[in-house]
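Down below is the structure, laid out as structure tokens.
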Amino acid sequence: MKAFEALFTAVDQSTKTTVKTAALAEYFRTAPDEDRLWTIALFSGRRPKRAVTTTQLREWAAERAGLPLWLLEESYPIVGDLAETIALLLPPATREADHSLTSWLEALSDMPNRDLEARKAFILDAWDQLDETGRFLFNKLITGGFRIGVSRKLMTRALAQATGQDEAALALRLMGDWTPQGTSWHALVESPDPEENESRPYPFYLAYQLDDGPESLGPPEDWLAEWKWDGIRGQLILRGGSHHVWSRGEELMTDRFPELARAADFIPPGHVFDGEILAWDGTQPLPFNTLQQRIGRKTVPKKLLKDAPVILLAYDLLEADGQDLRDTPLAQRRARLDALLSDLPPDAPIRPSPRLGFDTWEGLAETRATARERRAEGLMLKRLGAPYLAGRKKGDWWKWKLDPLSVDAVMIYAQQGHGRRANLFTDFTFAAWNGNDLVPFTKAYSGLTDAEFNKITAWVRRNTLQRFGPVRQVKPELVFEIAFEGIQPSPRHKSGLALRFPRMARWRHDKPVQEANTLADLQALLAAYG
Amino acid sequence: MTEPVLTFTERGIYCPAGDFYIDPWRPVSRALITHGHSDHARPGHGAYLATEAAAPVIRHRLGEITLDTIRFGERRQIGRATVSFHPAGHIPGSAQIRVEVGGEVWVASGDYKLAPDGLCETFEPVRCHAFITECTFGLPVFTWRPQHEIAAEINHWWATTAAEGRHCLLGAYSLGKAQRLMALLDPEIGPILTHGAVENTNAVLRAQGYALPETHHVTPDLDVKAHPGALVIAPPSALGSTWARRFGRASTGMASGWMRMRGVRRRRGADRGFVLSDHADWPELHEAIRQTGAERIFATHGYTEIFARWLNTQGYQAEVVPTEFGGEEDAADSAEDAA
């Protein structure tokens, strides 16, 4: 573990990508095969299944530290990270051991097979032989996403540097549902045959936000326009008689959307589609909250299949007849896609996402203005001459979203953030007027600058009315413009509604609290756009 | 029932028997000052009393004030109260203030730390009935490693950075932390440069006889290139300023107890965070309280509510000093000074 700790320390001490990449590349050059394989796994979101709950971890840590649980609970929001809180609280290790990263991860992978007492004994024993950094990393491996400032992209780049391989080819190789136990460094990284796994998806190409108008993009005839759907980005893979559905987060979603299996009835093997999974009423998308009922369900009851049926609106063809098409221009890929899908019967679970005709940017802007009526979030603009790239690259794909909806709301609760934002009040609850009452209707965490969060933090400290654990009720004085992408009914909330992607657009210093929006204003938005 | 030795008012800690305040935060006629940090020694009081060791810095910072001095351990009668000042180990000259009225003894700790740092007068436990203690780091996650280990870390960072031909830029409060760091640095590695705010304080402390290593004041006409491999000590606020640009691609560091938390380290954006505090850590707070023998504890400055709640489970009669006085928990950003 020491070598991995040193890697973490090097990465954590720098904010510069080049330094982080170099440290990681050095690790990939020198670490044993199994450790570097696990490192790839960790930084691509593959970690052992969690075998203990965070509640158990907290109890065991408090017990080991000889402290009451409440004291650990009070410390946690201040430190902002549970793995770190526990690492800092525990008494010093009584012995020193240096087991490899792999041996720790294998032991953690084996935990589900052991009873609770054995799990507890194992974890207490681990804490007793790791130093603070080691404990922090060990706890991170158990508690959640292993986010320590290394993105998948950075990891892939470092691996490319260390092995002298092409970054894009490596990215492709690292996709899919491999596990460190089921493969080897050689098979995953050095194997010359990247096509061996027929379920393997291609890295998704991600668009940038178009902040100014499209005029800067050049002549309209170079571009293709589509609706920007509010669904789940997915890749449908039809190869060798089976089908696979991948999310953008590289989650295999095949079983969640059984409707898509019928695509194989219409399309021969050797085809891969990129598109949007949407709940569909036969002619247009159903509201996002209909699709939401399908998210997170591993098996789908019959009633839900009937009430919230999904289809794939395909907008790109990445592979046809077993050929990788990604280097061919979009215009050709799109023509083949349309040819392949145009004559399918209406009940086929895959359709082409319509192309939007336009001659001028002004004309397209008019089309964009109608996006909400089409249950779209705006437009996608894609350069017709461009290949299908991997990851987020500027230039060829742009999302030109509608301006968000917005209301002015009053801050009534504040809570400290986590991680980098620990000790700053960054998580707020906002309310709207209902007569003389303020009714909470949304939370928001983002959109302000660090300087603004600093000011608000000082304000919250001076204007706390009551504390509920880490949450503070504050004087209803500050007004913020809350921007959001959509609004839908929600019986679970006191206000009866829920927002999509709420964030703070700005701090309305100019707005008296009495002039914030009302619940009736929100209900009017719900009636118009819900 | 007799009146308490010390009470908590809107102006600060007040002694009715002696008609004086301790570290008041609004103007009063007579103020006893524990040390020179700006949240303790404020301008505008009628008369000041501080230790001989703390007085020069207080004068330097507050200018023309009526300031009387007292030696550590010397007893002085003020009204019906007997007061004396005892080393707090926080910064040079810093004191705890002992107040005795009719046989009852209360001690206001000011800011303190127990472990000797080699520069300031070492903390001296004072027996008392009631102890008003700071608890800036009154959470069990705050424990400090020995000073010599942190010194080795800083010197290693300096030597490595100097070998790369770059400067080190170390952020530290100009009174206390900056001088403590200087005393820990290995002068064999290279020259030590100082920001004006730090150098002015150095001059005051040197005149008092505190032993500080040689430093070079960074003036507009100082040629940075003439000091290769230098370590620069500056207030944290200067680190990201135009002032710091002259040092090019310097490696930046921060030394503070808050650096114990990764979130704070990362938010500060410094390359390195060194966990070095002039306040007591969690075990030291307990040790200090134990050594006073006090049964009544008042928690101020820091995680007061959590700390008082914990002390109550440990057999003490602990209270939180009302927030109108003590201010709320000083988080990393508001308690930059000397933490």
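Chains A and B supply the protein sequences, listed in that same order.
Using the numbering used here, the letters of the first sequence correspond one by one to residues 1 to 530.
Using the numbering used here, the letters of the second sequence correspond one by one to residues 1001 to 1339.
Backbone N, C-alpha and C define an ideal beta-carbon position, used for all residues, glycine too.
Buried or exposed by the 16-neighbour rule on C-beta atoms within 10 Å, applied to residue i
i, result
"F468 of chain A", "exposed"
"G213 of chain A", "exposed"
"H1156 of chain B", "exposed"
"R135 of chain A", "buried"
"A1332 of chain B", "With a pLDDT of only 37 at A1332 of chain B, under 50, the local geometry of the prediction cannot be trusted, and the value read off the model is given with reservation. Flag for A1332 of chain B reads buried."
"E1324 of chain B", "Confidence is the limiting factor: at E1324 of chain B the pLDDT is only 47, short of 50, which leaves the residue's position unreliable and the question unanswerable from this model."
"Q209 of chain A", "exposed"
"A41 of chain A", "buried"
"N517 of chain A", "buried"
"N436 of chain A", "exposed"
"A1335 of chain B", "Reliability fails at A1335 of chain B, whose pLDDT of 40 lies under 50, so the model's placement of it is uncertain and the value that follows must be treated cautiously. Answer is buried; the Cβ neighbour count reaches 16."
"P1092 of chain B", "buried"
"R1245 of chain B", "exposed"
"K494 of chain A", "exposed"
"D403 of chain A", "exposed"
"S75 of chain A", "buried"
"S1277 of chain B", "buried"
"G1302 of chain B", "buried"
"F4 of chain A", "buried"
Boundaries of the alpha helix (DSSP H) in which residue i is found, first to last residue
i, result
"A295 of chain A", "Here the sequence assigns Ile to residue 295 of chain A, which means Ala is not the residue at that position. That residue, I295 of chain A, is in no alpha helix (DSSP H); it is neither H nor E in DSSP."
"T367 of chain A", "361 to 369"
"P77 of chain A", "69 to 79"
"S103 of chain A", "101 to 110"
"L170 of chain A", "167 to 173"
"P1283 of chain B", "1282 to 1292"
"K2 of chain A", "2 to 12"
"G496 of chain A", "No alpha helix (DSSP H) contains G496 of chain A, which DSSP labels as neither H nor E."
"V19 of chain A", "17 to 30"
"R1266 of chain B", "1262 to 1268"
"E276 of chain A", "Looking at the DSSP string, E276 of chain A is not in any alpha helix (DSSP H); the run it does join, the beta strand (DSSP E), is 271 to 279."
"G1273 of chain B", "It is not in any alpha helix (DSSP H) - G1273 of chain B instead sits in the beta strand (DSSP E) that spans 1272 to 1274."
Paired residues, beta bridge with residue i - DSSP
i, result
"E1319 of chain B", "B:F1298"
"L525 of chain A", "Paired residue(s): none; L525 of chain A is not in a bridge."
"M504 of chain A", "A:I482"
"N434 of chain A", "A:D437"
"Y556 of chain A", "This structure leaves residue 556 of chain A out entirely; chain A is present only between 1 and 530."
"C1168 of chain B", "B:L1231, B:S1251"
"T534 of chain A", "Limits of chain A in this structure are 1 at one end and 530 at the other, which puts residue 534 of chain A out of reach."
"P489 of chain A", "A:L497"
"H243 of chain A", "A:L238"
"C1015 of chain B", "B:F1020"
"S406 of chain A", "A:A483"
"R46 of chain A", "Its beta-bridge partners do not exist; DSSP assigns none."
"R58 of chain A", "DSSP lists no partner for R58 of chain A."
"W400 of chain A", "A:L379"
"E198 of chain A", "The partner list for E198 of chain A (beta bridge, DSSP) is empty, contrary to what the question assumes."
"R262 of chain A", "R262 of chain A is not bridged to any residue."
"W1106 of chain B", "B:V1099, B:A1130"
N- and C-terminal bounds of the beta strand (DSSP E) containing residue i
i, result
"W223 of chain A", "223 to 229"
"K382 of chain A", "376 to 383"
"T1082 of chain B", "1081 to 1087"
Any C-beta of chain E under 9 Å from that of residue i
i, result
"R1272 of chain B", "No chain E is present in this structure, whose protein chains are A and B."
- Task: Would you check if there are 3 or more beta carbon pairs closer than 8 Å linking the stretch 1075 to 1095 of chain B to the stretch 1037 to 1056 of chain B?
- Result: yes
- Message: Any contact between the stretch 233 to 251 of chain A and the stretch 200 to 207 of chain A? By contact I mean 3 or more CB pairs, one from each, below 8 Å.
- Response: yes
- Message: Under 8 Å: do the stretch 454 to 464 of chain A and the stretch 429 to 442 of chain A share three or more Cβ pairs, one atom per stretch?
- Response: no
- Task: Report the residues of the stretch 73 to 99 of chain A with a CB closer than 8 Å to any CB of chain B, ordered along the chain.
- Result: E74, S75, I78, V79, G80, D81, E84, T85, L88, L89
- Query: Between the stretch 1170 to 1188 of chain B and the stretch 1110 to 1122 of chain B, do three or more beta carbon pairs fall short of 8 Å?
  - Reply: yes
- Within 9 Å of chain A by C-beta, residues of the stretch 1136 to 1150 of chain B in sequence order: L1139, P1140, V1141, F1142, T1143
- Query: If contact means a Cβ-Cβ distance below 9 Å, which residues of the stretch 1293 to 1312 of chain B contact chain A?
  - Reply: Y1303, E1305, I1306, R1309, W1310
- Query: If contact means a Cβ-Cβ distance below 9 Å, which residues of the stretch 1250 to 1265 of chain B contact chain A?
  - Reply: W1258, R1260, M1261, R1262, G1263, V1264, R1265
- For the stretch 402 to 429 of chain A, which residues have a CB atom closer than 9 Å to at least one CB atom of chain B, in sequence order? Q416, G417, H418, G419, R420, R421, A422, N423, L424
- Item | Under 9 Å (Cβ pairs) to chain B, residues found in the stretch 445 to 470 of chain A | D450, N454, T457, A458, R461, R462, T464, R467
- Pair every Cβ in the stretch 21 to 32 of chain A with every Cβ in the stretch 147 to 163 of chain A, then say whether three or more of these pairs are closer than 8 Å. yes
- Query: Using 8 Å as the Cβ pair cut-off and three pairs as the minimum, do the stretch 391 to 399 of chain A and the stretch 415 to 434 of chain A touch?
  - Reply: no
- Query: Does the count of Cβ pairs from the stretch 1063 to 1080 of chain B and the stretch 1131 to 1138 of chain B closer than 8 Å reach three?
  - Reply: no
- Query: Between the stretch 1167 to 1176 of chain B and the stretch 1231 to 1248 of chain B, do at least 3 Cβ pairs fall closer than 8 Å?
  - Reply: yes
- Message: When you compare the stretch 64 to 75 of chain A with the stretch 1305 to 1317 of chain B, are there three or more beta-carbon pairs, one atom per stretch, that lie closer than 8 Å?
- Response: yes
- Query: Just checking, does the stretch 1055 to 1062 of chain B make contact with the stretch 1098 to 1113 of chain B on the three C-beta pairs under 8 Å criterion?
  - Reply: no
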